[in-house]
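Enquirer: One structure, as structure tokens, below. Some questions next.
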Amino acid sequence: MAKEQGQKMVAQNKKARHDYHIEDTWEAGLVLMGTEVKSLRQGRASLVDGFAEIDNGEAWLLGVHIPEYSQGTWTNHAARRRRKLLLNRSEIDKIERKITDKGYTIVPLALYFKDGRAKVEIALAKGKKSYDKRHTLAERTANREKVEAVQRRLKGHRD
Numbered sequence: 001m002a003k004e005q006g007q008k009m010v011a012q013n014k015k016a017r018h019d020y021h022i023e024d025t026w027e028a029g030l031v032l033m034g035t036e037v038k039s040l041r042q043g044r045a046s047l048v049d050g051f052a053e054i055d056n057g058e059a060w061l062l063g064v065h066i067p068e069y070s071q072g073t074w075t076n077h078a079a080r081r082r083r084k085l086l087l088n089r090s091e092i093d094k095i096e097r098k099i100t101d102k103g104y105t106i107v108p109l110a111l112y113f114k115d116g117r118a119k120v121e122i123a124l125a126k127g128k129k130s131y132d133k134r135h136t137l138a139e140r141t142a143n144r145e146k147v148e149a150v151q152r153r154l155k156g157h158r159d
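Printed below as a string of structure tokens:
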């Protein structure tokens with residue numbers, strides 16, 4: 001069988017960038033069961049309620065929903081089980097130091113296959129307040145209007 005190349009996206013947590021200020025990101029491997037891999041290859045996963053924690057020097061991914069594999073038998077996995085993240089010791093120590101600060105958490109941003117191996121992109125994030133969310137939305141709208149005005153001007157239209 002030919003070796004898989006490239007990157008295949010399985011799931012993204014679009015709401016994370018809306019709800020959190022992203023400080024830093026890491027790519028981590030996942031320890032998965034066979035039926036979980038098969039379910040992911042079908043493109044079935046949800047990162048919405050997911051988060052990560054450091055416990056006894058190990059990184060764990062919790063709350064991520066990978067549904068049971070439809071052709072699985074008694075070997076099927078639990079949909080929301082705790083999954084170990086594969087990170088270097090230095091990365092785990094760095095993350096652990098940073099999350100001791102008040103208000104920081106680790107959220108999964110994306111779940112994908114990279115060269116045939118399941119990977120998750122995790123981020124150190126700090127929660128946004130509602131006024132921060134409104135400010136971000138207003139800033140995005142202003143930038144969009146600015147770009148549209150420049151394009152109109154380049155085409156020769158008057159304002």
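Going by UniProt numbering, the first residue of the sequence shown is number 1, and it counts up by one from there. The beta carbon of each residue, even a glycine, is placed where N, CA and C say it ideally should be. Because the structure is a prediction, the values reported are computed rather than measured.
Using CA coordinates, which residue listed in R153, N13, A59 is at the minimum distance from K94?
Expert: A59
Enquirer: Measure the beta-carbon distance from L86 to G29 and round it to whole angstroms, keeping in mind my assumption that it falls under 8 Å.
Expert: About 3 Å separates the two Cβ atoms, so the contact holds.
Enquirer: Residue ranges of each alpha helix (DSSP H) run of no fewer than 4 residues wholly in the segment 68-116, ordered along the chain?
Expert: Entirely contained in the segment 68-116, the alpha helix (DSSP H) runs reaching 4 residues are, in chain order, 89-99.
Enquirer: Tell me which residues share the same chain as D24 and place their Cβ nearer than 6 Å to its Cβ, disregarding the 5 neighbours each side in the sequence.
Expert: L124
Enquirer: Could you tell me the distance, in whole angstroms, from the CA atom of F113 to the CA atom of V10?
Expert: 7 Å
Enquirer: Does the beta-carbon distance from residue 237 to E27 come in below 8 Å?
Expert: No information on residue 237 is available, as it lies outside the stretch 1 to 159 that the chain covers here.
Enquirer: Considering Cα atoms alone, identify which of E121, K15, H135, L111 is closest to G43.
Expert: Cα-wise, what sits closest to G43 is L111.
Enquirer: Say whether the segment 117-136 touches the segment 12-24, bearing in mind that this needs 3 or more beta-carbon pairs closer than 8 Å, one atom from each stretch.
Expert: yes
Enquirer: On the criterion of 16 or more Cβ atoms from any shown chain inside 10 Å, does A52 qualify as buried, or is it exposed?
Expert: Answer is buried; the Cβ neighbour count reaches 16.
Enquirer: Would S39 be called buried (16 or more neighbouring beta carbons within 10 Å of its own) or exposed?
Expert: Here S39 is buried, its C-beta having at least 16 other C-beta atoms within 10 Å.
Enquirer: Exposed or buried, R140, counting other C-beta atoms within 10 Å across all chains shown (16 or more means buried)?
Expert: exposed
Enquirer: Do V31 and R83 have their C-beta atoms closer together than 8 Å?
Expert: yes
Enquirer: Would you mind listing the alpha helix (DSSP H) stretches within the segment 28-74 that are 4+ residues and don't spill past its ends, in chain order?
Expert: The segment 28-74 contains these whole alpha helix (DSSP H) runs: 34-41.
Enquirer: Pick from L154, S90, I106, E148: whose alpha carbon is nearest that of L61?
Expert: I106
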